[in-house]
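In this note's numbering, the protein residues as written are 168 to 334.
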Amino acid sequence: MQFSFRLSLCLLGLVLISLFPQPARGQVSSPRRFRAKVLSPTKLQVLWKEPKGEFEGYKVIYTTQPGGQQEVVQVSRREAKLLIEDFDPSKEYNFKIIALNRGKESKPLQAKHEAQRSGVEMVQSQRRNDNGVTEENNEISEAFENVMCAFCVSGAVFRSPEMEEWC
Numbered sequence: 168m169q170f171s172f173r174l175s176l177c178l179l180g181l182v183l184i185s186l187f188p189q190p191a192r193g194q195v196s197s198p199r200r201f202r203a204k205v206l207s208p209t210k211l212q213v214l215w216k217e218p219k220g221e222f223e224g225y226k227v228i229y230t231t232q233p234g235g236q237q238e239v240v241q242v243s244r245r246e247a248k249l250l251i252e253d254f255d256p257s258k259e260y261n262f263k264i265i266a267l268n269r270g271k272e273s274k275p276l277q278a279k280h281e282a283q284r285s286g287v288e289m290v291q292s293q294r295r296n297d298n299g300v301t302e303e304n305n306e307i308s309e310a311f312e313n314v315m316c317a318f319c320v321s322g323a324v325f326r327s328p329e330m331e332e333w334c
């Protein structure tokens, strides 16, 4: 009888935990929604949406290919952007944007800004959700007089000339 009561109590606890999930204390949420905007032939602005919950700032790690040069930049809480002033449009840029809080780091928001090909560029953003599944957000942007026109879809991306009038 006593064993049955303990088992019932354990099962009740598991049910309550699964019905009312709570983030782990001290866990830092990830930044969201990466965007890249070419401001000039030598300047790239990288923007993202701040994470939910408490955080103190960001660490942005980016590498360029070819060359493999890695940069690590600390960004304040008030900023959700980074200006790269030595941008090389012929190189691919891989980003990891990490939220920081009391010495802890979030899972990185990973994104790629591909080398430009004839004015059209591809931006890919990947984020792991809590189940370990990778979510992708593909975005195609086209530079038109220093203004970026972006169209986001999930999965395959198709672009037609008719979309230019939306910009």
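Ideal Cβ positions, reconstructed from N, Cα and C, are used throughout, including at glycine. For clarity, every value in this text was computed on a predicted model and none was experimentally measured.
Cross-strand partners of residue i (DSSP beta bridge)
| i | result |
| --- | --- |
| T231 | Y260 |
| A247 | Paired residue(s): none; A247 is not in a bridge. |
| E238 | Y229 |
Own chain residues within Cβ distance below 6 Å of residue i, not counting five before or after
| i | result |
| --- | --- |
| G220 | S196 |
| I228 | V239 and K263 |
| A247 | W215 and E217 |
| T209 | F254 |
Residue i versus residue j - alpha carbon distance
| i | j | result |
| --- | --- | --- |
| V239 | S207 | 22 Å |
| L250 | K274 | 22 Å |
| D255 | E281 | 11 Å |
| Q277 | N261 | 7 Å |
| P231 | Q212 | Here residue 231 turns out to be Thr, not Pro, going by the sequence shown. Using only the alpha carbons, I get a separation of about 15 Å. |
| G235 | S257 | 13 Å |
| K226 | Q237 | 13 Å |
| P233 | P198 | 27 Å |
Spatial neighbours of residue i in its chain, beta-carbon cut-off 7 Å, leaving aside the 5 residues before and after
| i | result |
| --- | --- |
| R200 | W215 and K216 |
| V242 | G224, Y225, V227 and L249 |
Chain-order list of residues whose beta-carbon lies under 8 Å from that of residue i (same chain, five-residue window excluded)
| i | result |
| --- | --- |
| F222 | V195, S196, R244, A266, L267, N268 and S273 |
Three-state secondary structure assigned by DSSP to residue i
| i | result |
| --- | --- |
| F222 | coil |
| K210 | strand |
| K279 | strand |
| E272 | strand |
Cutoff 8 Å: residue i Cβ touching any chain D Cβ
| i | result |
| --- | --- |
| K258 | No chain D is present in this structure, which holds just one protein chain. |
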